[in-house]
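Residue numbers (the UniProt record's numbering): 1 to 208. Backbone N, C-alpha and C fix where the C-beta goes; we use that ideal spot for every residue, glycine too. Small disclaimer: the values here were computed from a predicted structure and weren't measured.
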Amino acid sequence: MRRDGDLYALEAALTRRGLGPVAGTDEAGRGACAGPLVVAAVILPPSARLEELNDSKLLTEAARERVFERLHRSRALIAVVSYTPREIDRRGVGVCNLEGMRVAVARLPERPGYTLTDGFPVPGLPGSLGVVKGDRTAACVAAAGVVAKVTRDRIMAELDARRPEYGFAVHKGYGTPAHEEAMRRFGPCDEHRFSYANVAALAVPAPA
């Protein structure tokens, strides 16, 4: 088990060296075949020690919601960028992801001295540093992951209310067997990413 303080160690070390404030950025929905890509950037308050904060994938939905609310009640600085399925189809998910990180960081109310990303550095970010398993290593990256995930899950729940036949509230647009079966039965809808092979394979050809 990681000691709770370890999650904040990297940010604290950078801040002590005069490189703060430190922002973290992360995305949700890159691997989904439906719904938006959501990218978030977060600067945590200097003394923040948020209860339950962790990699969003290790938290239950209820725990993510609690952390999300705690972040918004704290003095954390938060920015969120979203890309629609059509933007992803037109530009590619990788391009949208990298641009989203730059845009989200640029929209923060305060310019960071350093930016931590999950896995790889991103050119164009202030002091970009890629951190292996960043959402389990750096608190600001974990916070950005929670914000992106909760924001996107809420969007998918809204889409489910409009298109209940696909079960978006359950699988969140990822290619689960139930989702694949729904696409085979009903065909892809406008919330799907037609540039993804599994969606394109089930799309009805346009009339000649």
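Would you check whether the ligand GDP has a heavy atom nearer than 6 Å to the C-beta of residue i?
i    : result
V199 : No copy of the ligand GDP occurs in the structure displayed, which carries no ligand at all.
Given residue i, which residues of its chain have a CB within under 7 Å of its CB, disregarding the five upstream and five downstream residues?
i    : result
V147 : A40, V42, F68, L71, I78 and V80
V150 : R64, E65 and F68
S128 : T115, T117, P121 and V122
D6   : none
Quick one: is residue i buried, meaning 16 or more other Cβ sit within 10 Å of its Cβ, or exposed?
i    : result
P36  : buried
S56  : buried
M1   : With a pLDDT of only 27 at M1, under the threshold of 50, the placement of this residue in the model should not be trusted; the figure read from the coordinates follows. Exposed: under 16 other Cβ atoms inside 10 Å.
G29  : buried
F186 : exposed
E11  : buried
Within the same chain, show all residues whose beta-carbon is closer than 6 Å to that of residue i, passing over the 5 residues directly before and after it, in chain order.
i    : result
P207 : Residue confidence for P207 is low, a pLDDT of 38 falling below 50, so the modelled location carries little weight; the figure read from the coordinates is stated next. Within the same chain, P207 has no close Cβ partners at all.
S82  : P36 and V38
Compute the beta-carbon to beta-carbon distance between residue i and residue j, rounded to the nearest angstrom, for a pair I have assumed lies under 8 Å.
i    : j    : result
T115 : V103 : Contact flag wrong, Cβ pair sits at about 13 Å.
A32  : Y174 : 5 Å
K172 : M156 : 5 Å
D160 : D135 : Their Cβ separation, rounded to whole angstroms, is 26 Å, which puts D160 and D135 out of contact at 8 Å.
V141 : G18  : Not a contact, Cβ separation roughly 21 Å.
Residues in the same chain with beta-carbon distance under 8 Å from residue i, minus the five sequence neighbours each way, listed in chain order, please.
i   : result
T15 : P21, V22 and P46
P85 : A34, G35, P36, D190, E191, H192, R193 and F194
What would DSSP say about residue i, mapped onto helix, strand or coil?
i    : result
L37  : strand
T115 : strand
Those runs of the beta strand (DSSP E) which lie wholly inside the region 117 to 197 and span at least 3 residues: Taken in chain order, the complete beta strand (DSSP E) segments of 3 residues or longer contained in the region 117 to 197 are 128 to 131.
Ordered list of alpha helix (DSSP H) runs contained in the region 65 to 111, each at least 4 residues: Runs found: 85 to 91 and 93 to 107.
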